[in-house]
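Worksheet for the structure shown next.
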Amino acid sequence: MIPFRDTYRDIPLYSPAKKPCRVDLSDNTNLFGPPPSAERVLREEGLQRLSRYPAGYAPDLKRAVAAYAGVAVENVTTGCGSDDVIDCALRAFLEPGDVVAYPDPTFVMVPLYARLSALRPVPVPLKADHDVDVEGLLATGAKVLYVCTPNNPTGTVASRAALERLVDRAPGVVLIDQAYVEFAKGGDFMDLARTRPNVLVTRTMSKAFGLAGLRVGWAVGAPALVAEVEKARGPYKHTSLGEAVAVAALTEDVPWMEACVAEAVENRERLRGGLKVLGLEPLPSEGNFLLVPVPEARRVGEAMRERNVNVRVFEGLPGVGDALRIGCGPWPLMASALKALKEVL
Ligand code: PMP
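With the numbering used here applied, the sequence shown corresponds to residues 2 to 346, in that order.
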């Protein structure tokens with residue numbers, strides 16, 4: 002018998018349903034596609050970069066992120082998607098057996114990464130108004146508190162008052178996941194990452210910037226925090242192509258990104274109107290997606306997939322129940338979702 006690790010015995014492989022589907026609204030990516038600079042960078046620089054290793058710690062990407070976020074290079078770390086940055090941060094700041102606490106429901110990868118590092122994930126229910134329960138989170142005594150805002154899958158946001166109280170009183174690091182912040186009205190907590198010693202804000206190139214396939218994420222925090230996360234991650238975690246394309250996008254394509262965001266947000270609210278006509282009541286959202294409570298979500302989601310529309314199904318979400326999460330982008334895709342939903346409800 003091979004002595005596999007006990008910790009992993011009951012941990013399933015994470016694999017969301019991914020049958021090919023003409024309209025895929027299941028993972029909150031930029032449905033307008035990749036940024037315009039990507040094609041040029043791949044054409045002009047792609048091949049020549051392939052035979053050389055990238056720099057170990059992505060200096061070009063860090064410089065581009067620092068300029069974009071208005072921080073110093075020493076405040077920036079990067080990873081293979083913000084997933085990786087979150088995973089590394091958990092390992093950097095916690096010993097096996099330690100607790101990581103987070104509002105529930107939230108991003109499903111957090112408890113999974115916690116378990117993979119032999120940590121103890123402790124969910125704390127979101128409050129009825131969808132804000133974070135500061136006292137509940139602090140009562141766990143966790144040395145890492147994770148808060149996602151705008152939150153996946155609810156789309157709701159944490160209030161500044163609650164987050165500041167949490168940061169003031171946390172015994173350790175507050176990890177603020179802002180994968181969807183570009184889509185939000187306000188609610189940007191980069192200022193806390195710049196000024197507080199215990200705040201790490203994670204961001205991604207996968208959503209508004211349309212580069213999910215590249216796997217590039219980043220975080221901003223005090224230099225001491227960032228250095229620990231890099232230690233936990235190790236070197237060479239970006240491809241040289243990924244780094245080059247991400248740098249170009251951050252430098253040249255912010256206006257393009259903002260135009261995509263504006264249209265996704267407009268269509269999100271138009272979609273909300275269409276869903277209400279069907280008698281559904283989506284949660285308020287500041288992301289590029291809507292969470293829509295729907296009875297028998299699995300059956301409904303499967304029937305939609307048969308009509309070539311893929312949305313994410315949630316069953317028994319705390320405080321919500323069964324629900325579908327629908328990514329927002331070009332209106333024709335939203336119209337396909339509405340049509341499929343109307344047929345199957
Ligand atoms: N945080 C949240 C809240 C997400 O929804 C996602 C992607 N689903 C991520 C982080 C990870 O994104 P990536 O690894 O592509 O940066």
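Yeah, the Cβ is synthetic: ideal placement off N, Cα and C, and Gly gets one too.
- For C89, the CB stays at least 7 Å from every heavy atom of the ligand PMP.
- Put simply, of A336, V227 and A59 the residue whose alpha carbon is nearest the alpha carbon of G243 is A59.
- Distances from the CB of G156 to the heavy atoms of the ligand PMP are all 7 Å or more.
- Taking C-alpha positions only, P224 is separated from G187 by approximately 25 Å.
- If you compare the alpha carbons of I3, Y114, S337 and A56 with that of I12, the shortest gap goes to Y114.
- Taking each of N76, V100, F184 and G214 in turn and checking the Cα distance to L120, the smallest one comes out for V100.
- With fewer than 16 other beta carbons inside 10 angstroms of its own, L48 counts as exposed.
- Look at D134 here: in three-state DSSP terms it is coil, with no helix or strand label.
- Approximately 10 Å separates the beta-carbon atoms of L292 and V312; this is outside 8 Å, ruling out the contact.
- Take R197, set aside five residues on each side of it, and the residues of its chain with a beta-carbon closer than 7 Å to its own are V168, in chain order.
- Around the beta-carbon of D192, fewer than 16 other beta-carbon atoms lie within 10 Å, marking it exposed.
- C-alpha of R300 to C-alpha of N199: approximately 44 Å in a straight line.
- Proximity to P172 across P36, M206 and A143 peaks at A143, based on C-alpha coordinates.
- Within the chosen limit of 7 Å, the ligand PMP reaches the beta carbon of N29 through at least one heavy atom.
- Within the chosen limit of 7 Å, the ligand PMP does not reach the beta carbon of F210 with any heavy atom.
- In the displayed model, Y237 falls within coil according to three-state DSSP, outside both helix and strand.
- Looking from the CA of K20, the closest CA among S38, E46, C89 and N309 belongs to N309.
- The beta carbon of V262 sits closer than 8 Å to those of E183, F184, A209 and N289, all from its chain and outside the five residues before and after it, given in chain order.
- Assignment of beta strand (DSSP E) within the region 87–169, counting only whole runs of 3 or more residues, yields 100–105, 121–126 and 145–149 in chain order.
- Taking all protein chains shown into account, E231 has 16 or more neighbouring C-beta atoms within 10 Å of its C-beta and is therefore buried.
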